Amino acid sequence: MLKLKLIIFILLFNCSLFAKNNNSFELESKKNIKYLLSSNYESLLISKANLEEYYLNNNYKPYWINENGIKNIAISLLNRIKNDPVLKPHANKLFRLEEVNTALNSLNTSNSNYLENLVKIDSMLTELFDRYVTYVTKGSINWDAFEMKLSELEKDKEIKASWDKYTLNKNPKLLIKRVIEENDLSSVFQEIDFNYPQADKLVSAIDDLEKIVANGGYTKIPEFKSLRIGDISEFTPFLRKRLSESNDLNTTCQNSINAQDLVTNNINTNPNATEEENKIIENLSKNCENIFDEDLKNGVISFQKKHGLFPDGIVGGQTLRFLNVTAKRKISIIRLNLERMRWLPRNLGEKYLVVNIPEYKLRLYENNDIKLNMSVIVGDTKFPTPIFSDKMSYVVLNPNWNIPSSIAKKELIPKLLKNPNYLADNGIDIYAGWNGSIEKVDSKEVLDSAILQDENNLQTFRFSQNSNKDNPLGKMKFMFPNKHSVYLHDTPGKSLFSYARRAFSHGCIRLSKPEDLLSTIASEDKNLSIDKANEILSNDAITDKSIGLDKKIPIHIVYITSWVDENGVLQFRDDIYNFDKMQKELLF
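Take 15 as the starting number for the sequence shown in the numbering used here and just add one per residue.
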């Protein structure tokens, strides 16, 4: 019994001693923080006033240190910043990490200024946290400079391009409190960092490409006109090696290939070839590496699919250009696109639409599963589709087309001047004004204004095409009212979907399978009956019928030139609007 009392006494004494030491550390550290903030201390990354507010909110207690020294959570913060997939190449410069590391490495518990140095490190880490949260939530780009470039584009080339960047408004001073209380960074940054589908796999792709860079990079293929199945060429071994490096070709050639048939074919299809040239072909054919066989064709097709090229298995100029993009360049493209994912809402929605412009694709996600996947046509380079997020709120069946003034001026007026019956032949009426006026105007009045070049009067006329087989909106449109006046719609021009590059519209997005989108929405929306909708669509007398949706659907029109698709395949696309080129110069 006496022994038990002694143990309890010792435990209570140690606890009291610990509390006393802990209390002493808190008092001393607070005193040092107040002294630091009142001194001539030069802030590392943020204003001194901002730093003072952090500590005022925390009653001048430190965040990242305790009586045992630097907390583990502080090391986690440093590692996260150093390895951030977007910022990593620039982290040392952006966050002055060398100064932080020097301060950490010079810590000495026997030094009389140990606590003072420890507190200084705490302030450095607080500044790092503030700067890092700012980059994650607001992005790493000089957005004003980018918008200035867009303005110059409109002024110099009359190309009106728009990009609405989403900024996450989170108070870093509240976030730091959560991080310290939970002793965990992951939950906070999971909430504020990008949430784009498969983003984590895109991050992992950087590691794979960095290994390729470390091993000397991709094999560069010399310039040639074209290569296709049956060709025998000195350039084919370069192509084989390059495709093997990106896992598009996983087989080796076989000398058992009927090379003689290929040689004969090459000679017969080129009757103008000299005897010497035919001899070169014969010699090259002795090594199967030089022969463009079926396996190599399939490897080329695999590569083409990953880069949005027409998958014909022929290596022409476009395919060769993509083959010679370096692994280092691909890493920088990935980092730029991860950065773009930080310009999107973090909560994309339980059910939402994504239109990726460079991919020419629309996907409907529900609980992270893809419910719909279709090809789309987007704005031409002269009429770029704007990038923004909104919510689809209604659909229009058998729509009329209110033709934008810019299109009427540039395309309809010249046709009307040549053929006064053009509008009537195409079911286009003219109305006096854009405020829903039903007063029709005679085309002669419009012609007179056009001849007199009366711009003010021309802009008051509303050109509207009836719902008919020539109406470019087709049988339905999906509306999310926005300042850019764009929407999703059907199209009578289905043949254009056979192209790999589908930038043909004036900015709106044309759907290859609008009926599928309509039926998918109708299956879960009580306001939209697919049977009733089909009845309206089959009745040409019912036009411009709007149906409001019970559940608004978030839609995100994005510009992503590199991502990992639903099958886990790393994808790259052409920078059709030159946004990659513009934005990479304005980061950091």
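Yeah, the Cβ is synthetic: ideal placement off N, Cα and C, and Gly gets one too.
The structure presented is a predicted model; accordingly, all values stated were derived computationally and were not measured.
- What residue does the alpha helix (DSSP H) around Ser258 start on, and which one ends it? The count along the sequence shown starts at 1 and reaches residue 258 at position 244. Counting along the chain, Ser258 sits inside the alpha helix (DSSP H) bounded by residues 250–259.
Q. Any idea what DSSP makes of Ile523, helix, strand or coil?
A. Translated into positions along the sequence shown, residue 523 becomes position 509. Secondary structure at Ile523: strand, using DSSP grouped into helix, strand and coil.
If you reduce the DSSP assignment to three classes, tell me which class Arg377 lands in.
Numbered from 1 along the sequence shown, position 363 holds the residue referred to as residue 377. Correct three-state label for Arg377: strand.
**Prompt:** Using the beta-carbon count (16 or more within 10 Å), is Met162 buried or exposed?
**Reply:** Walking along the sequence shown from the start, residue 162 turns up at place 148. Burial call: exposed.
Could you tell me which of Ser53, Lys62, Leu58, Asn122 sits nearest to Asn82, measuring between CA atoms? The residue labelled residue 82 in the question sits at position 68 within the sequence shown. Just measuring C-alpha positions, the residue of Ser53, Lys62, Leu58, Asn122 sitting nearest Asn82 is Asn122.
message = If you reduce the DSSP assignment to three classes, tell me which class Phe602 lands in.
response = Numbered from 1 along the sequence shown, position 588 holds the residue referred to as residue 602. Secondary structure at Phe602: coil, using DSSP grouped into helix, strand and coil.
According to the neighbour-count rule (16 or more other Cβ atoms, all chains shown, within 10 Å of its Cβ), is Ala438 buried or exposed?
Your numbering for residue 438 matches position 424 in the sequence shown. So Ala438 counts as exposed.
Within 8 angstroms, do at least three Cβ pairs link the stretch 345–354 to the stretch 489–505?
Fewer than three beta-carbon pairs drawn from the stretch 489–505 and the stretch 345–354 are found closer than 8 angstroms, and the two stretches are therefore not classed as touching.
Taking 8 angstroms as the threshold (C-beta atoms), are Lys102 and Leu350 in contact? Residue mapping note: residue 350 aligns to position 336 of the sequence shown, counting from 1. Residue mapping note: residue 102 aligns to position 88 of the sequence shown, counting from 1. No, the pair does not count as a contact, with Cβ atoms beyond the cut-off.
- Item | Member of Gln479, Asn361, Asp222, Ser299 whose CA lies at the smallest distance from the CA of Gln204 | The sequence position of residue 204 within the sequence shown is 190, counting from 1. When Gln479, Asn361, Asp222, Ser299 are compared, the shortest CA-CA separation from Gln204 is found for Asn361.
Where does Asp326 fall in DSSP's three states? To locate residue 326, count along the sequence shown from 1; it is residue 312. Coil.
(Q) Going by DSSP in three states, Arg476 sits in which element: helix, strand or coil? (A) Position 462 of the sequence shown, counted from the first residue, corresponds to residue 476. The DSSP-derived three-state label of Arg476 is strand.
Count the other CB atoms within 10 Å of the CB of Tyr146; is the residue buried (16 or more) or exposed (fewer)?
Sequence index remark: in the sequence shown, residue 146 carries index 132 (1-based). Result: buried.
- Could you tell me the distance, in whole angstroms, from the CA atom of Leu584 to the CA atom of Tyr573? Residue mapping note: residue 584 aligns to position 570 of the sequence shown, counting from 1. Residue mapping note: residue 573 aligns to position 559 of the sequence shown, counting from 1. Here the alpha carbon of Leu584 sits roughly 16 angstroms from the alpha carbon of Tyr573.
With 16 other CB atoms within 10 Å as the buried threshold, where does Val193 fall? The sequence position of residue 193 within the sequence shown is 179, counting from 1. The residue in question, Val193, is buried, as its Cβ has 16 or more Cβ neighbours within 10 Å.
- Message: When you compare the CB positions of Asn548 and Ile561, do they come within less than 8 angstroms of one another, or not?
- Response: Along the sequence shown, read from residue 1 onward, the residue named residue 548 stands at position 534. Along the sequence shown, read from residue 1 onward, the residue named residue 561 stands at position 547. No. Outside cutoff.
Cutting at 8 angstroms between CB atoms, please list the residues of its own chain near Ile235, excluding the five before and the five after it. Reading the sequence shown from its first residue, position 221 is the one you call residue 235. When the five nearest sequence neighbours on each side are left out, the beta carbons in the same chain lying within less than 8 angstroms of the beta carbon of Ile235 are those of Phe249, Phe252, Leu253, Arg256, Leu334, Leu337, Asn338, in order along the chain.
Three-state secondary structure assigned by DSSP to Gly313
The residue you call residue 313 lines up with position 299 of the sequence shown. Note: Gly313 maps to helix in three-state DSSP.
**Request:** Let me know if Ala228 comes out buried or exposed under the rule of 16 or more other beta-carbons within 10 Å of its beta-carbon.
**Result:** Your numbering for residue 228 matches position 214 in the sequence shown. Ala228 is exposed by the Cβ-count criterion.
Can you have a look at Leu65 and say buried or exposed, based on whether 16 or more other CB atoms are within 10 angstroms of its CB? As a working mapping, residue 65 is identified with position 51 in the sequence shown. By the neighbour-count rule (16 or more Cβ atoms within 10 Å), Leu65 is buried.
Closest to Lys566 by CA distance: which of His520, Val460, Met406 is it?
The residue labelled residue 566 in the question sits at position 552 within the sequence shown. Among His520, Val460, Met406, the Cα nearest to that of Lys566 is on Met406.
(request) Under the assumption that Glu373 contacts Arg587 (Cβ atoms under 8 angstroms), give the Cβ distance between them as a whole number of angstroms. (result) Counted from its first residue, the sequence shown places residue 373 at position 359. Counted from its first residue, the sequence shown places residue 587 at position 573. For Glu373 against Arg587, the beta-carbon gap comes to about 6 angstroms, under 8 angstroms, which counts as contact.
Worksheet item: Taking Cβ to Cβ, would you say Ala105 is nearer than 8 angstroms to Ile95?
Response: Stepping through the sequence shown from its first residue, residue 105 is reached at position 91. Stepping through the sequence shown from its first residue, residue 95 is reached at position 81. Yes, these two residues count as a Cβ contact at 8 angstroms.
- Query: For the beta strand (DSSP E) that Trp415 lies in, which residues bound it at each end?
  - Reply: Start at 1 with the first residue of the sequence shown, and residue 415 comes out as number 401. Segment 415–417, the beta strand (DSSP E) holding Trp415.
For the candidate residues Ser126, Thr140, Trp415, whose alpha-carbon lies nearest to that of Leu111?
The residue labelled residue 111 in the question sits at position 97 within the sequence shown. The candidate whose alpha carbon is nearest that of Leu111 is Thr140.
Query raised in the report: Given a threshold of 16 other Cβ atoms within 10 Å of its Cβ, counted over all protein chains shown, does Leu411 qualify as buried or as exposed?
Result: Mapped onto the sequence shown, residue 411 falls at position 397. Leu411 is buried by the Cβ-count criterion.
- Contact under 8 angstroms by Cβ, Trp577 with Leu216: Stepping through the sequence shown from its first residue, residue 577 is reached at position 563. Stepping through the sequence shown from its first residue, residue 216 is reached at position 202. The answer is yes: Cβ separation under 8 angstroms.
Report the rounded CA-to-CA distance for Asn197 versus Lys191, giving the unit in angstroms. Taking the sequence shown and counting its residues from 1, one reaches residue 197 at position 183. Taking the sequence shown and counting its residues from 1, one reaches residue 191 at position 177. Approximately 10 angstroms between the Cα atoms of the pair.
- Val500 by DSSP, collapsed to three states: which one? As a working mapping, residue 500 is identified with position 486 in the sequence shown. Looking at Val500 - three-state DSSP - the assignment turns out to be coil, as it is neither helix nor strand.
Relative to the C-alpha of Lys320, which residue among Asn297, Lys344, Glu303, Asn301 is closest? Within the sequence shown, the letter at position 306 stands for residue 320. For the residues Asn297, Lys344, Glu303, Asn301, the minimum Cα distance to Lys320 belongs to Lys344.
Since I believe Met493 is in contact with Val390 (beta carbons under 8 angstroms), could you give me their beta-carbon distance rounded to a whole number of angstroms? Counting from 1 along the sequence shown, the entry for residue 390 is found at position 376. Counting from 1 along the sequence shown, the entry for residue 493 is found at position 479. Their Cβ separation, rounded to whole angstroms, is 16 angstroms, which puts Val390 and Met493 out of contact at 8 angstroms.
Checking 8 angstroms against the spacing of the C-beta atoms, do Ile606 and Ile550 come in under that value? Beyond the ends of the chain as shown, which are 15 and 602, falls residue 606; an answer cannot be given.
Three-way DSSP call (helix, strand, coil) for Pro103 in this model
By 1-based counting over the sequence shown, the position of residue 103 is 89. Correct three-state label for Pro103: helix.
Which runs of the beta strand (DSSP E) spanning at least 3 residues fall entirely within the stretch 409–461, listed in chain order? Listed in chain order, they are 415–417, 442–446.
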